[in-house]
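Undergrad:
There are 2 protein chains.
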Amino acid sequence: MREVFQQELREVQERLVEISRLVVVAITNATTAFNESDVALAEQVIAEDSKIDALASDLDELAISIMALQQPVARDLRIVVSALRMSASLERMGDIAEHIAQLARYRYPDKVAKDSLLGVFSEMGALDVEVAEMLSRLIETEDLALADEIRDKDDRIDELHVSVFEAVLSETWAGTSVNTVDVTLASRYHERFADHAVSIAKKVKYLATGEWTGSGVR
Amino acid sequence: MREVFQQELREVQERLVEISRLVVVAITNATTAFNESDVALAEQVIAEDSKIDALASDLDELAISIMALQQPVARDLRIVVSALRMSASLERMGDIAEHIAQLARYRYPDKVAKDSLLGVFSEMGALDVEVAEMLSRLIETEDLALADEIRDKDDRIDELHVSVFEAVLSETWAGTSVNTVDVTLASRYHERFADHAVSIAKKVKYLATGEWTGSGVR
Numbered sequence: 001m002r003e004v005f006q007q008e009l010r011e012v013q014e015r016l017v018e019i020s021r022l023v024v025v026a027i028t029n030a031t032t033a034f035n036e037s038d039v040a041l042a043e044q045v046i047a048e049d050s051k052i053d054a055l056a057s058d059l060d061e062l063a064i065s066i067m068a069l070q071q072p073v074a075r076d077l078r079i080v081v082s083a084l085r086m087s088a089s090l091e092r093m094g095d096i097a098e099h100i101a102q103l104a105r106y107r108y109p110d111k112v113a114k115d116s117l118l119g120v121f122s123e124m125g126a127l128d129v130e131v132a133e134m135l136s137r138l139i140e141t142e143d144l145a146l147a148d149e150i151r152d153k154d155d156r157i158d159e160l161h162v163s164v165f166e167a168v169l170s171e172t173w174a175g176t177s178v179n180t181v182d183v184t185l186a187s188r189y190h191e192r193f194a195d196h197a198v199s200i201a202k203k204v205k206y207l208a209t210g211e212w213t214g215s216g217v218r
Numbered sequence: 001m002r003e004v005f006q007q008e009l010r011e012v013q014e015r016l017v018e019i020s021r022l023v024v025v026a027i028t029n030a031t032t033a034f035n036e037s038d039v040a041l042a043e044q045v046i047a048e049d050s051k052i053d054a055l056a057s058d059l060d061e062l063a064i065s066i067m068a069l070q071q072p073v074a075r076d077l078r079i080v081v082s083a084l085r086m087s088a089s090l091e092r093m094g095d096i097a098e099h100i101a102q103l104a105r106y107r108y109p110d111k112v113a114k115d116s117l118l119g120v121f122s123e124m125g126a127l128d129v130e131v132a133e134m135l136s137r138l139i140e141t142e143d144l145a146l147a148d149e150i151r152d153k154d155d156r157i158d159e160l161h162v163s164v165f166e167a168v169l170s171e172t173w174a175g176t177s178v179n180t181v182d183v184t185l186a187s188r189y190h191e192r193f194a195d196h197a198v199s200i201a202k203k204v205k206y207l208a209t210g211e212w213t214g215s216g217v218r
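Protein sequences, first through last, are from chains Z and S.
Heads up: the first sequence at position 102 corresponds to 102 in UniProt numbering, and the numbers run straight through without jumps.
Heads up: the second sequence at position 103 corresponds to 103 in UniProt numbering, and the numbers run straight through without jumps.
(1) How many Å lie between Val129 (chain Z) and Ile19 (chain Z) at the Cα?
(2) What do you get for Ala208 (chain S), buried or exposed, if any count of 16 or more other CB atoms within 10 angstroms of its CB means buried?
(3) Going along chain C, which residues have a C-beta under 7 Å from Gln7 (chain S)?
(4) Can you give me the Cβ contacts of residue 219 (chain Z) inside the same chain, cut-off strictly under 7 Å, excluding the 5 residues immediately before and after it?
(5) Thinking C-alpha only, which one of S:Ala174, S:Leu169, S:Ala132 and S:Phe5 is nearest residue 242 (chain S)?
(6) Quick check on DSSP: helix, strand or coil for Lys205 (chain Z)?
(7) How about Val181 (chain Z) and Ala97 (chain Z): do their beta carbons lie closer than 8 Å?
(8) Assuming Val112 (chain Z) contacts Ala186 (chain Z) under a Cβ cut-off of 8 Å, what Cβ separation, rounded to an integer in Å, is found between them?
(9) If you run the structure through DSSP and keep just helix, strand and coil, what is Ala113 (chain Z)?
(10) In terms of alpha-carbon separation, which member of Z:Gly125, Z:Arg151, Z:Asn35 and Z:Tyr189 lies closest to Lys205 (chain Z)?
(11) Give a yes or no on whether the minimum CB-CB distance between Phe34 (chain Z) and chain S is below 8 Å.
(12) If you draw a straight line from the alpha carbon of Glu8 (chain S) to that of Leu9 (chain Z), how long is it in whole angstroms?
(13) Is DSSP giving Ala174 (chain S) helix, strand or coil here?
(14) So, is the C-beta of Ile66 (chain S) closer than 8 Å to a C-beta in chain Z?
(15) Just the chain S side, please: which residues come within less than 8 Å of Arg188 (chain Z) by C-beta, in chain order?
(16) Between Glu133 (chain Z) and Ala56 (chain S), what straight-line distance do the alpha-carbon atoms span, to the nearest angstrom?
(17) Rounded C-beta distance between Phe121 (chain Z) and Phe34 (chain Z)? I'm assuming under 8 Å.
(18) Between the alpha carbons of Ile157 (chain Z) and Arg188 (chain Z), how many angstroms are there, rounded?
(19) Between the segment 99 to 109 of chain S and the segment 83 to 101 of chain Z, do at least 3 Cβ pairs fall closer than 8 Å?
(20) Taking Ala68 (chain S) as the reference, give the member of Z:Glu61, Z:Leu62, Z:Val80 and Z:Asp60 with the closest Cα.
(21) Who are the neighbours of Leu77 (chain Z) on chain S, taking C-beta pairs under 7 Å?
(22) Just to confirm my understanding: we take Leu41 (chain S), look at its own chain, exclude 5 residues before and 5 after, and list those with CB closer than 7 Å. What are they?
(23) Run the CB neighbour count on Leu16 (chain S), radius 10 Å, all protein chains shown included, and call it buried at 16 or more, exposed below.
(24) At a CB-CB cut-off below 7 Å, which residues of chain Z make contact with Thr180 (chain S)?
(25) DSSP state of Glu142 (chain Z), grouped into three classes?
(26) Does the beta carbon of Phe165 (chain Z) come closer than 8 Å to any beta carbon on chain S?
(27) Would Val73 (chain S) count as contacting chain Z if we go by Cβ distances under 8 Å?
(28) So, is Gly125 (chain Z) buried or exposed, given that buried needs 16 or more other C-beta atoms within 10 angstroms?
(29) Does chain S have any CB closer than 8 Å to the CB of Leu135 (chain Z)?
(30) Flag Leu169 (chain S) as yes if its beta-carbon sits less than 8 Å from any beta-carbon of chain Z, otherwise no.
(31) Is the beta carbon of Arg92 (chain Z) sitting closer than 8 Å to the one on His190 (chain Z)?
(32) Within this structure, are the beta carbons of Ala201 (chain S) and Ala147 (chain S) separated by less than 8 Å?
(33) So which residues of chain S does Leu84 (chain Z) contact, with C-beta pairs closer than 9 Å?
(34) If you scan the UniProt domain "PhoU" (17 to 103) of chain Z from start to end, which runs of the alpha helix (DSSP H) of 4 or more residues do you find wholly inside it?
(35) Are the beta-carbon atoms belonging to Lys51 (chain S) and Leu90 (chain S) less than 8 Å from one another?
(36) When burial is assigned at 16 or more other CB atoms within 10 Å of the CB, is Arg2 (chain S) buried or exposed?
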């Protein structure tokens, strides 16, 4: 029984890795579409989000069936419950990548971020991609150094998020209301994306070290 | 054993009701603070959010211990899993109420929404409060008519959310960049708050009717 359970846990882990790789693709394409005003790529991200949703839903069913059939307790149970939460967060990261792609599509053929903010969003987008890649490797390898790196990248993203507001609220901001609305939402999406990655990374770390936090997805 | 389990499920339900009532208080005070620029009330919402977080965390622990000790299967297992998800969504609703309160605090003694948008935000805030109250009653009574009412209120909130963007992007918008950023974020928070309520209401409905959706919190 124990061996079957271990094999099922590996299956859960593999599926989380699979979903996380689709999230990497989504955020890579979404930020490229956003930075380069590539409407075809934006449409692709939007169309492919349902794949992430379906895989996350399947994974939830698998986790529930493992709980019902294997009746795990203690640490094993927490692993399965945490898989449900990671699945929900990955699915939400896919949604956010879709929101970023939607902004690119709305403004096409214009770029969402202009002139003074191009550099900031380019860096934020690249950091979100790195965070997603590190998260995928973290889930696959459980190399916990990656969890700390994700947290560091998130700190930098938070700084950039603040700098967007400072730019928009400064005397020299020459953007229209459309620009202001767009960059406000875009910055929030970029920041929330990384927050979810930090939340998942914490769960992987707590599970690996045996230290558990009961708190939900923040 | 079955009787013990039923009693534990009632305990889970009672705790969900307790948390949902705190969410009602949080959104009531947050929207009042927001509409009336009441900084003391805003501070109170911000300070009290940790209570919601702690109760949600305790509820998660209870749900996990029920799974470990009672080993529920089939529908019973889904009820407990859904409680974990409802707890995460309620906790997130508390966070969003806190974000609305933070906006009020940042702009004090000014109001966040001005002039032409005062009425829209007043209606959105009142709808969020109604949605939270209906959700709390829904969890308590399982009166499924409330789930449909919540969905209807959410539709109206979505309309108001769109109208905020229309106002901000219109030729006649005279707000500063600060106003534009604030109302963009505020409108998004009001809209997401109700989205989470709809997500929870769906779970209650599916559980009550026996029809289950595997999808995570959207």
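We put the beta carbon where it would ideally sit given N, CA and C, even for glycine.
Predicted model only: the values in this text are computed from it and were never measured.
TA: Quick look at the numbers:
(1) On the first sequence, residue 129 (chain Z) is found 129 positions in, with the first residue counted as 1. On the first sequence, residue 19 (chain Z) is found 19 positions in, with the first residue counted as 1. C-alpha separation (whole angstroms): 15 Å.
(2) Here residue 208 (chain S) refers to the residue found at position 208 when the second sequence is read from its first residue. Answer is exposed; the Cβ neighbour count stays below 16.
(3) Of the protein chains in this structure, namely Z and S, none is chain C.
(4) Missing from the structure shown is residue 219 (chain Z); chain Z here goes from 1 to 218 and no further.
(5) Absent from the structure is residue 242 (chain S), since the part of chain S shown begins at 1 and ends at 218.
(6) Taking the first residue of the first sequence as 1, we reach residue 205 (chain Z) at position 205. It is helical.
(7) One-based indexing of the first sequence puts residue 181 (chain Z) at position 181. One-based indexing of the first sequence puts residue 97 (chain Z) at position 97. No. Outside cutoff.
(8) Position 112 of the first sequence, counted from the start, is the residue given in the question as residue 112 (chain Z). Position 186 of the first sequence, counted from the start, is the residue given in the question as residue 186 (chain Z). Their Cβ separation, rounded to whole angstroms, is 6 Å, which keeps Val112 (chain Z) and Ala186 (chain Z) in contact under 8 Å.
(9) Residue 113 (chain Z) sits at position 113 when you count from the first residue of the first sequence. In the structure shown, Ala113 (chain Z) sits in coil (DSSP, three-state: anything other than H, G, I, E or B).
(10) Your numbering for residue 205 (chain Z) matches position 205 in the first sequence. Out of Z:Gly125, Z:Arg151, Z:Asn35 and Z:Tyr189, Z:Arg151 has the C-alpha closest to the C-alpha of Lys205 (chain Z).
(11) Indexing the first sequence from 1 puts residue 34 (chain Z) at position 34. Under the 8 Å criterion on CB atoms, Phe34 (chain Z) is classed as non-interfacial with respect to chain S.
(12) Reading the second sequence from its first residue, position 8 is the one you call residue 8 (chain S). Reading the first sequence from its first residue, position 9 is the one you call residue 9 (chain Z). So the two alpha carbons sit approximately 28 Å from each other.
(13) Residue mapping note: residue 174 (chain S) aligns to position 174 of the second sequence, counting from 1. Ala174 (chain S): coil per DSSP, three-state reduction.
(14) Translated into positions along the second sequence, residue 66 (chain S) becomes position 66. Not one chain Z Cβ lies under 8 Å of Ile66 (chain S).
(15) For the purposes of this step, residue 188 (chain Z) is identified with residue 188 of the first sequence, where counting begins at 1. Per Cβ cutoff of 8 Å: Leu185 and Arg188.
(16) Translated into positions along the first sequence, residue 133 (chain Z) becomes position 133. Translated into positions along the second sequence, residue 56 (chain S) becomes position 56. If you take the alpha carbons of Glu133 (chain Z) and Ala56 (chain S), they lie about 30 Å apart.
(17) Here residue 121 (chain Z) is taken as the residue at index 121 of the first sequence, counted from 1. Here residue 34 (chain Z) is taken as the residue at index 34 of the first sequence, counted from 1. Going by Cβ atoms, the distance from Phe121 (chain Z) to Phe34 (chain Z) rounds to 7 Å, so yes, they are a contact pair.
(18) Walking along the first sequence from the start, residue 157 (chain Z) turns up at place 157. Walking along the first sequence from the start, residue 188 (chain Z) turns up at place 188. Distance from the CA atom of Ile157 (chain Z) to the CA atom of Arg188 (chain Z), rounded to whole angstroms, is 10 Å.
(19) The segment 99 to 109 of chain S makes no contact with the segment 83 to 101 of chain Z: fewer than 3 CB pairs, one atom from each, lie closer than 8 Å.
(20) Position 68 of the second sequence, counting from 1, holds the residue named residue 68 (chain S). Considering only alpha carbons, the answer is Z:Val80.
(21) The residue labelled residue 77 (chain Z) in the question sits at position 77 within the first sequence. The answer, in chain order, is Ile64, Met67 and Ala68.
(22) Translated into the one-based positions of the second sequence, residue 41 (chain S) becomes position 41. The residues are Asn29, Thr32 and Ala33.
(23) On the second sequence, residue 16 (chain S) is found 16 positions in, with the first residue counted as 1. Buried, by the Cβ-count rule.
(24) As a working mapping, residue 180 (chain S) is identified with position 180 in the second sequence. Here the neighbours are Ser177, Thr180 and Val181.
(25) Residue numbering aside, residue 142 (chain Z) sits at position 142 when the first sequence is read from its first letter. Under the three-state reduction of DSSP, Glu142 (chain Z) is assigned to coil, being neither helix nor strand.
(26) Here residue 165 (chain Z) refers to the residue found at position 165 when the first sequence is read from its first residue. It does; some Cβ of chain S falls within 8 Å.
(27) Taking the second sequence and counting its residues from 1, one reaches residue 73 (chain S) at position 73. Chain Z, which has a Cβ nearer than 8 Å to the Cβ of Val73 (chain S), makes this yes.
(28) Numbered from 1 along the first sequence, position 125 holds the residue referred to as residue 125 (chain Z). Result: buried.
(29) Reading the first sequence from its first residue, position 135 is the one you call residue 135 (chain Z). Closer than 8 Å: no.
(30) Working through the second sequence from its first residue, we reach residue 169 (chain S) at position 169. So, interface residue.
(31) As a first step, residue 92 (chain Z) must be located in the first sequence, where it is residue number 92. As a first step, residue 190 (chain Z) must be located in the first sequence, where it is residue number 190. Not in contact: Arg92 (chain Z) and His190 (chain Z) (Cβ atoms no closer than 8 Å).
(32) Your numbering for residue 201 (chain S) matches position 201 in the second sequence. Your numbering for residue 147 (chain S) matches position 147 in the second sequence. In this structure, Ala147 (chain S) lies closer than 8 Å to Ala201 (chain S) by Cβ.
(33) For the purposes of this step, residue 84 (chain Z) is taken as the residue at position 84 of the first sequence. Those are Val81, Leu84, Arg85 and Gly216, listed as they occur along chain S.
(34) 39 to 70
(35) Within the second sequence, numbered from 1, the residue matching residue 51 (chain S) stands at position 51. Within the second sequence, numbered from 1, the residue matching residue 90 (chain S) stands at position 90. Not closer than 8 Å, so no.
(36) The sequence position of residue 2 (chain S) within the second sequence is 2, counting from 1. Label assigned to Arg2 (chain S): exposed.
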